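Quick notes on the structure that follows.
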């Protein structure tokens, strides 16, 4: 580890990835400023899984206990048919940290609690940047600018920082949408400790336990990218698409307020072999946007944050640290992107013959094959530098 000089880093984007990076850098003794375009810090989203590779990061940050206090520990994953028949039961394994499901807003709040409030600047919409010598100047939509020793682009899948560095690269639509919600359920149709995903033809329904009787759910449906709806019509559309599916799917959807049912289209993008130029690099969805099928998008951003801080601290130049960070993270994130894309393709199969074959094969495959692959993902140890 090299002595840390007075480094001042700017982060574009105040979502989970950007704030996590700020926390990791702040805890490493580096001054950081987060620039968020919105007028208030607000994470839009329902629940999200924090698998052991992510809770390990939060443990190192000293934030896991706060988040896990009111969460159920998830111990296994069930793959079901639309009627509820269990095709496969996958044990999540014993790790040094738990797998938990949290509301995205709660995760953001926990991260913000570890960062001085003056290091978050709201209402700063990124426009472009300039690199000159050992400084990077960020220009904002209101005509102001700020200067830093390095800049991290954590501004999401449609990252303007990525576009500034590497040119325009539109996200790729993968052919299905995702509805999400959070609901309270007190019945006995959900097995304790279990997450589940139920498969149909061109659609899926997942249920994840948050804790204290709350569950986050998601539903997928093959559709065109121009699918349009309104918040007050989503519940009825979901109920129609999943009519006749096993309990408590209808109960969960019905218990979710209409205005809290969110809809997203499934996008990702081609993996970037190089994440940065000079004193600028990318993080999270700006670098490696991922479909949600492994629940690893936010988890990867948390990993990025800690590796980034370690690399900057352990190198005698900022540029060397940033390049090492991208090099360490590329293979890992590319692997997750590709596996998530594959799982989405398989899960969204619609042809009745193919769907029937998928059901038979899933029922016959040993669960240990999947458990081995998941262990590789969850047991990831953060590299030094």
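Residue numbers (my numbering): 157 to 541.
Every residue gets a Cβ at the ideal spot worked out from N, C-alpha and C, and that includes glycine.
In this text the structure is predicted, and so the values were computed from the model without any measurement.
- Remark: fewer than three beta-carbon pairs, one from each stretch, lie closer than 8 Å, so the region 314-321 and the region 367-384 are not flagged as touching.
- Residue 354 counts as buried, since no fewer than 16 other beta carbons sit within 10 angstroms of its beta carbon.
- Scanning its chain for C-beta atoms nearer than 7 Å, with the 5 sequence neighbours on each side dropped, one finds around residue 407 the residues 341 and 343, in chain order.
- Here the alpha carbons of residue 534 and residue 253 stand approximately 10 Å from one another.
- Contact between residue 305 and residue 164 holds: CB atoms are separated by about 5 Å, below the 8 Å threshold.
- Residue environment: residue 463 is assigned as buried (16 or more neighbouring CB atoms within 10 Å of its CB, all protein chains considered).
- For residue 221, the closest of 428, 256 and 499 by C-alpha to C-alpha distance is 256.
- In the three-state scheme derived from DSSP, where H, G and I count as helix and E and B as strand, residue 510 is classed as helix.
- Between residue 311 and residue 442 a beta carbon distance of about 6 Å is seen, short of the 8 Å cut, so the two are scored as contacting.
- Around the beta carbon of residue 280, 16 or more other beta carbons sit within 10 angstroms, so the residue counts as buried.
- Around residue 496, the same chain offers 446, 447, 449, 450 and 452 as residues with beta carbons nearer than 7 Å, after the five sequence neighbours per side are excluded.
- Apart from sequence neighbours up to five positions away, the residues of its chain that approach residue 351 with a beta-carbon distance below 8 Å are 205, 230, 232, 233, 234, 257, 362, 363, 364 and 365, ordered along the chain.
- Around the CB of residue 426, fewer than 16 other CB atoms lie within 10 Å, so the residue is classed as exposed.
- Here residue 203 is not near residue 440, since their CB atoms are 8 Å or more apart.
- Residue 529 carries a helical assignment under DSSP once its states are collapsed to helix, strand and coil.
- With fewer than 16 other Cβ atoms from the protein chains shown falling within 10 Å of its own Cβ, residue 300 counts as exposed.
- The beta-carbon separation of residue 166 and residue 307, rounded to 5 Å, stays under the 8 Å limit for a contact.
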